[in-house]
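There are 2 protein chains.
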Amino acid sequence: MTLVVQKFGGTSVANIDRIRHVAQRVAKTYDQGNDVVVILSAMAGVTDGLIELAQKAAEEPDKRELDVLLATGEQTTAALLAMMLQSMGYKAQSMLGHQAQVVTDCDYGNARILEIGAHRLLQLIEKHTIVVVAGFQGYDIKGNITTLGRGGSDTSAVAIAAATNADVCEIYTDVDGIYTADPNVCPKARKLKTITYDEMLNMASLGAKVLQIRSVGFAKKYDIPVHVRSSFNEEEGTMVVNEDSGMEQLVVSGVTHDKKQARVTITKVPDQPGVAAKVFSPISEAGIVVDMIIQNTRQGGKTDMTFTVPKLDFKRTMEISQKVAAQIGAEEVLGDTNIGMVSVIGVGMKNHAGVAAVMFNTLARDNINIIMIGTSEIRISCVIEEKYTELAVRVLHTAFGLDAEE
Amino acid sequence: MTLVVQKFGGTSVANIDRIRHVAQRVAKTYDQGNDVVVILSAMAGVTDGLIELAQKAAEEPDKRELDVLLATGEQTTAALLAMMLQSMGYKAQSMLGHQAQVVTDCDYGNARILEIGAHRLLQLIEKHTIVVVAGFQGYDIKGNITTLGRGGSDTSAVAIAAATNADVCEIYTDVDGIYTADPNVCPKARKLKTITYDEMLNMASLGAKVLQIRSVGFAKKYDIPVHVRSSFNEEEGTMVVNEDSGMEQLVVSGVTHDKKQARVTITKVPDQPGVAAKVFSPISEAGIVVDMIIQNTRQGGKTDMTFTVPKLDFKRTMEISQKVAAQIGAEEVLGDTNIGMVSVIGVGMKNHAGVAAVMFNTLARDNINIIMIGTSEIRISCVIEEKYTELAVRVLHTAFGLDAEE
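Residue numbers (the numbering used here), protein chains in the order written: chain A, 2 to 407; chain B, 2 to 407.
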């Protein structure tokens, strides 16, 4: 028999009617002759509501206790779906994180799954019981409840799919797959049939927030095919798979953009060993996530160092950077919140030298000036003036042959 | 050091402000040099809300899954109180039923505690950590979550007090102790300083719903002093203790009443072995709780059988009884919803023959006709016309010398 793991997010279980819809979907999959394990998030809004409640109880709620509180959200939906499936005549049973033996480290609020003791899950699956697992939660070696961070149910789903050797992990969400670009920005964007784990990893971190990035790493490690699809219709979504799984042979699979970054430049930094650490350690200690970092060697043992941070953290970053600049004897700190980032992503570009050239030429043709350039093995990102972001997405989408046919 | 177990009910943790009040109370007890274990109920109304939600999900929600759902209520309050105590600078930690190792049978919705593995509780107590245990919940031997039924947190508290060898179990509630009668009915009722477990057992089952009856049985078995007191003031409440613990020497400790019963009489039942089973088995199978049963032998091998059931179940009971009457060849079934029950309770009456006489004379003096009489070792109950119930409570309260001094 085929084993299908199905994960439904918060909007898919937002109320009793939506949960009933999920129950019907699960039942249908089961009736088609599959074993099914379901992973659920909390009802949309519930986790935020619980965080608010905690903040009323304590200014900085203890992290262990916050996880105990937050875990109730998924416990609720799991119990409701299980009783609903039973009332429809199906064998079903809920399992909480500790019952499904999802063992994590003890980093409350952002725990990582260490292993899953699939023994009890497999016992139920063998009896063809539909197992409904509360996502987002696990327990540490001492029996404390932990949660996996925002989007953690995706990781729960992929990890449980890996542990039970499932044939596919379906992620039901409110979008119907992965697109070549944001359809709101690029009307010609089209849904991809397949995408590689690596491309997805680059997509996710760039703002196409369909899957928790950690879950994609997990899926890649255990080679679990992940099917991203809509809980609102029956259409096929996008399969996230290994590179050699009969992919569409595209050089570039998608164009993403991000307007939430700001740029900081520290000029005339003495070019000495250890100076980068001196710049970035205090920023990282302040909990600010630096995305792109560019450094050009200049003459006279001085260099300019440029990096991007979330716009929300811009002011704090400027303050920290000014202190650091003074300490290390740099010249000055410049900042710019008026930027956008566009990226082209594709495993195909590894063997294709011309991608960067096509990208730069395309932007130049529309007089879009490139402020920064960053690359990874399968991604090229350009920082440009914010106002050109949408235009850049559209012209790149066309240039790389991604436009949907009319 | 003294170990105090404190249990707070739903009205005492109804919202963040009330929980803050509980935190202050717990902190005060701790600051006085005690170790403290706190047992919490869910916020008032939350359990009922969850049951409603479950009934929207399934007409007859599966009992296992319902317990998973209901357990979130106490999980929430336990986490909130623990984080609040921490933010006030106290060492505190929440424990769920399975973490506190409250092992029960697997009678979902009404599970009984089999044992408590106090090892982990005691470890925390030794470190002078305030432990906040989610009441009402446990787990069975297979790791399924169970709940203990209405008022189950009382039993959680007493059982944990027994397992940790606590010096006292304080039950904080919205009344300030046990009264000699319902003060709403009998203005001269006064608060008892002490009451025995046995008296409390008879009180609880007769409608003085301050403590879950099962918790009193537990307290008696392990000889745990239970202090019933108000969470709204600092006054001493009522101690529930063993008979030999220096009691007030009263013959009668209290007068209780119950207007929620109805009476059913089956006339001319053939007086044969097994006939009572034939009458009561179908009623019990329908989930109807029979309280008092009276049977007088009559001439000619026929007897009348009278019993009381909750008014809510009266109609169903009549229907079942009529079927049964036909089957066993009884004459007819009579019913009466217009009854009240008054009881006098006291361990003192065991050695005091005159109590029944005083009771019957007192009622007769006010022309209150007695319809049924039932007795236990420490209780005498009379069924009377409903309209006389309050009057009966007051005159009995005076007759047994219970009236508060002016």
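For every residue, glycine included, the Cβ atom is placed at its ideal position computed from N, Cα and C.
query: Through-space distance from B:K261 to B:K312, alpha-carbon basis; result: 6 Å
query: Neighbourhood of B:E378 by C-beta distance below 7 Å, restricted to the same chain and skipping five residues each side; result: K351
query: Contact between the segment 261-275 of chain A and the segment 228-238 of chain A (3+ Cβ pairs under 8 Å); result: no
query: Nearest to B:T165 (by Cα), restricted to the options B:M2, B:G144, B:K279, B:D68; result: B:M2
query: Candidates A:V47, A:A278, A:G110, A:G288: closest to A:V325 by CA position; result: A:A278
query: Extent of the continuous alpha helix (DSSP H) run through B:S232; result: Run containing B:S232: none; DSSP gives neither H nor E here.
query: Distance between B:M44 and B:G10 (C-alpha atoms, nearest Å); result: 8 Å
query: C-beta atoms of B:L97 and B:V38 nearer than 8 Å; result: no
query: Top-ranked residue by Cα proximity to A:S236, from A:L193, A:N243, A:I340; result: Per the sequence presented here, residue 236 of chain A reads as Glu, with Ser not at that position. Ranking A:L193, A:N243, A:I340 by Cα distance to A:E236 puts A:L193 first.
query: Closer than 7 Å: B:R65 CB and nearest the ligand COA heavy atom; result: In the structure on display, the ligand COA does not appear, and there are no ligands present to speak of.
query: Cross-strand partners of B:H258 (DSSP beta bridge); result: B:V343
query: Short CB-CB distance (under 8 Å) between A:T73 and chain B; result: yes
query: C-beta atoms of B:I146 and B:L81 nearer than 8 Å; result: no
query: Limits of the beta strand (DSSP E) - the one that B:M2 falls within; result: Here B:M2 belongs to no beta strand (DSSP E), and DSSP marks it neither H nor E.
query: Residues bridged to A:T156 (per DSSP); result: BP columns for A:T156 are empty, so no partner.
query: The segment 107-118 of chain A contacting the segment 158-178 of chain A, beta-carbon criterion three pairs below 8 Å; result: yes
query: Pair within 8 Å by beta-carbon distance, B:A182 and B:G288; result: no
query: Distance, B:V310 Cα to B:P283 Cα; result: 13 Å
query: Buried versus exposed call for A:A365 [16 or more other C-beta atoms within 10 Å across all chains shown]; result: exposed
query: Residue-level contact to chain A via CB, B:E235, 8 Å cutoff; result: no
query: Sequence-distant residues of its chain with Cβ nearer than 6 Å to B:G178 (five each side left out); result: K192, V229, G238, T239
query: Cβ pair B:I40, B:V134 closer than 8 Å; result: yes
query: Per-residue DSSP class, three states only, for A:A220; result: helix
query: For B:M306, the nearest candidate out of B:H398, B:G336, B:V6 (CA to CA); result: B:G336
query: Where A:T376 falls: helix, strand or coil (DSSP); result: strand
query: Per-residue burial, A:P62 [other beta carbons within 10 Å of its own, 16 or more giving buried]; result: buried
query: Interface residues of chain A facing B:E116 [CB-CB closer than 7 Å]; result: Within chain A, no residue comes near B:E116; the closest Cβ sits about 18 Å away, beyond 7 Å.
query: Three-way DSSP call (helix, strand, coil) for A:M89 in this model; result: coil
query: Cβ separation of A:V69 and A:S42, assumed to be a contact under 8 Å, to the nearest whole Å; result: With a Cβ gap of about 18 Å, A:V69 and A:S42 do not count as contacting.
query: B:V280: contacting residues in chain A (beta-carbon distance under 7 Å); result: Result: empty, since nearest Cβ-Cβ is about 34 Å, beyond 7 Å.
query: Within-8 Å CB hit, B:E53 to chain A; result: no
query: Residue-chain proximity (A:S88, chain B), Cβ-Cβ < 8 Å; result: yes
query: Buried or exposed by the 16-neighbour rule on C-beta atoms within 10 Å, applied to B:R151; result: exposed
query: Contacts that A:I20 makes with chain B (C-beta to C-beta distance below 9 Å); result: A58
query: Cβ pair B:I329, B:F308 closer than 8 Å; result: no
query: Length of the line joining the Cα atoms of B:C187 and B:H398; result: 8 Å
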